[in-house]
Each structure stands twice: as structure tokens, then as C-alpha cells.
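Student: Provided herewith is a single structure, encoded as C-alpha cells, for subsequent inquiry.
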Amino acid sequence: MGEPTQRYAVVTGANKGIGLEIVRQFASTGIKVVLTARDEKRGLQALETFKASPLSDFVVFHQVDVADASSVATLADFVKSQFGKLDILVKWYSTEIKLTYNRVIPSHDVQPNNFGIFAS
Numbered sequence: 003m004g005e006p007t008q009r010y011a012v013v014t015g016a017n018k019g020i021g022l023e024i025v026r027q028f029a030s031t032g033i034k035v036v037l038t039a040r041d042e043k044r045g046l047q048a049l050e051t052f053k054a055s056p057l058s059d060f061v062v063f064h065q066v067d068v069a070d071a072s073s074v075a076t077l078a079d080f081v082k083s084q085f086g087k088l089d090i091l092v093k094w095y096s097t098e099i100k101l102t103y104n105r106v107i108p109s110h111d112v113q114p115n116n117f118g119i120f121a122s
């Protein structure tokens, strides 16, 4: 059986948390991963976490702001020129959401649907 072909992945929002762990998991299976972040400094700091590990050969960094079309195009050009293909794209986006608690009074907010059951 022949050599398995190298697979390539891009993970957006990968400078911390779940995105960074996705990069780690892909790299640990031999997938070459482009770790991306909007903030270049934070992205390079995330890349540093791989430098002292055997995974360092499988992770590269590229800055991208997914809200900026030219930034996304630059990333696409990078992937095409460096790897020639892309097998996996993980569009990870996270943000802190501050939720406020509002007391729900079921009799005011939840009512049964007695009419929808007769629709055809």
C-alpha cells in the first residue's frame, strides 16, 4: 500500500481555547494545520506553545480577519501556494457573551399551542 497523502487544515480563531485544542488534536494525527488568529501577536504566542513539542512540524501560523475579504483571500493564496490544497476547514469563532438573568413567569411566557394541532 502506498504512502498516505498529507492532509491540510485551517482552523480560524485558533489562538486559544477550543480552537487551539482543535489544532493540537489535528496535528497529533499528522495533519498539517494552519493556526489562524485575527491578532497576530496572540496567534504567534499560540504557535509558541507548539515549539517545544513534536507537533511543531505540523503547525504554522497565518494572520486572518475573517470579516475582511482581502485578509481571507490572502490566507487562501497562502494555503494554495504552500500546500496546493485544503482538506479541512474549521471556522471556529468564540466570544465572551455576558448574559443577564431575567426571571421567567411561565404563565406569562409559555402557553400551549391548542390550535396548531388542527392545521393540515
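Note that our numbering has the sequence shown beginning at 3, numbered continuously upward.
Backbone N, C-alpha and C fix where the C-beta goes; we use that ideal spot for every residue, glycine too.
1. I need the boundaries of the beta strand (DSSP E) containing ILE90, first residue and last residue.
2. Restricting to Cα atoms, I'd like to know which of SER55, ALA48, LYS53 is closest to HIS64.
3. Can you tell me whether DSSP reads ALA39 as helix, strand or coil?
4. So, are the CB atoms of ALA11 and VAL92 less than 8 Å apart?
5. With a 10 Å radius around its C-beta and 16 neighbouring C-beta atoms as the bar for buried, classify ILE24 as buried or exposed.
6. I'd like the span of the alpha helix (DSSP H) that includes GLN84, first residue to last.
7. In angstroms with no decimal places, state the Cα-to-Cα distance between ARG44 and ASN17.
8. Between which two residues does the alpha helix (DSSP H) harbouring VAL25 extend?
9. Leaving aside the five residues before and after TYR95 along the sequence, list all residues of the same chain whose C-beta is less than 6 Å from its C-beta, in chain order.
Tutor: A quick look at the data gives this:
1. Taken as a continuous stretch (DSSP letters only), the beta strand (DSSP E) holding ILE90 covers 90–93.
2. It is ALA48 whose Cα lies nearest to the Cα of HIS64.
3. strand
4. yes
5. Around the C-beta of ILE24, 16 or more other C-beta atoms lie within 10 Å, and the residue is accordingly described as buried.
6. 71–85
7. 6 Å
8. 19–30
9. GLY15
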